[in-house]
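Worksheet: one structure, shown below.
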Amino acid sequence: MKRIINAETNVMGRTNMTKRKKIIYWIATVWLALGMLSAGIVQIMRMDAEVYMMTHLGYPSYFLIILGASKILGVIAILIPKFPLLKEWAYAGFFYTMLGALISHLVLGDPFSDIYQSLLLLILTGVSWYFRPVERKIKFYDK
1004 MKRIINAETN VMGRTNMTKR KKIIYWIATV WLALGMLSAG IVQIMRMDAE
1054 VYMMTHLGYP SYFLIILGAS KILGVIAILI PKFPLLKEWA YAGFFYTMLG
1104 ALISHLVLGD PFSDIYQSLL LLILTGVSWY FRPVERKIKF YDK
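According to the numbering used here, the sequence shown is numbered sequentially starting from 1004.
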């Protein structure tokens, strides 16, 4: 029995799309992790620029410690193997944190130079979540 191999299928029978999805996932996830990790560290250090931005947005400066620690823990959660439920919570936390930051900047009429970081991390969160491999997804079982 001959096996037909088309442009979308490699020699092993796996689709090139699966390989593309993994590449997209890891690129988005690494950039997301680097962005969130660096932001988390800067927020925990309470750098002057971060304190200024937080008060400019109308939030208390102690909120930086909470956000920074949450971002660092979220990065660990999305990078470690297994624990799919924990990953879902981390992605949700990243999504709502970045959406809140984006909306806060937009409401105040901040320039794009203040907005693009939140927008980029929001997009990377969505891309990383959407393209995550099956083993990193929650498995639902029918009874």
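Cβ coordinates follow ideal geometry from the N, Cα and C atoms, glycine included.
These numbers come from a predicted model, not from an experiment.
Look at the Cβ atom of leucine 1109, then the Cβ atom of isoleucine 1118, and state whether they are nearer than 8 Å. Taking the C-beta atoms as reference points, isoleucine 1118 is found nearer than 8 Å to leucine 1109.
Please state if the CB of serine 1073 and the CB of glycine 1096 are separated by a distance shorter than 8 Å. Yes, the pair counts as a contact, with Cβ atoms nearer than the cut-off.
Contacts around valine 1045, its chain only, beta-carbon distance under 6 Å, and the 5 residues preceding and following it disregarded: Around valine 1045: Glu1053.
Methionine 1050 to phenylalanine 1143 span [Cα, whole Å]: Answer to the nearest angstrom: the Cα atoms are 43 Å apart.
State the DSSP-derived secondary structure class of phenylalanine 1098, mapped to helix, strand or coil. Residue state, collapsed to three classes: helix.
Status (buried if at least 16 other CB within 10 Å, exposed otherwise) for valine 1078: Looking at its Cβ environment, which holds 16 or more other Cβ atoms inside 10 Å, valine 1078 is buried.
First and last residue of the alpha helix (DSSP H) that includes tyrosine 1055? If you look at tyrosine 1055, you'll find it in the alpha helix (DSSP H) that goes 1051-1059.
Might you give, ordered along the chain, the residues of its own chain that have their beta carbon closer than 7 Å to the beta carbon of lysine 1140, omitting 5 neighbours on each side? Only Pro1087 meet the Cβ criterion.
Excluding the five sequence neighbours on either side, which residues of its own chain have a C-beta within less than 7 Å of the C-beta of arginine 1135, listed in chain order? Residues Tyr1028 of the same chain have their beta carbon placed closer than 7 Å to that of arginine 1135, with the five preceding and five following residues left out of the count.
Answer with buried or exposed for asparagine 1009, where buried requires no fewer than 16 other C-beta atoms within 10 angstroms of its C-beta. Note on asparagine 1009: pLDDT 46, under 50, position unreliable in the model; the coordinate value appears next. Classification for asparagine 1009: exposed.
If we ignore side chains and look at the alpha-carbon of each, how far apart do lysine 1024 and tryptophan 1034 end up? In this structure, the CA atom of lysine 1024 is about 15 Å from the CA atom of tryptophan 1034.
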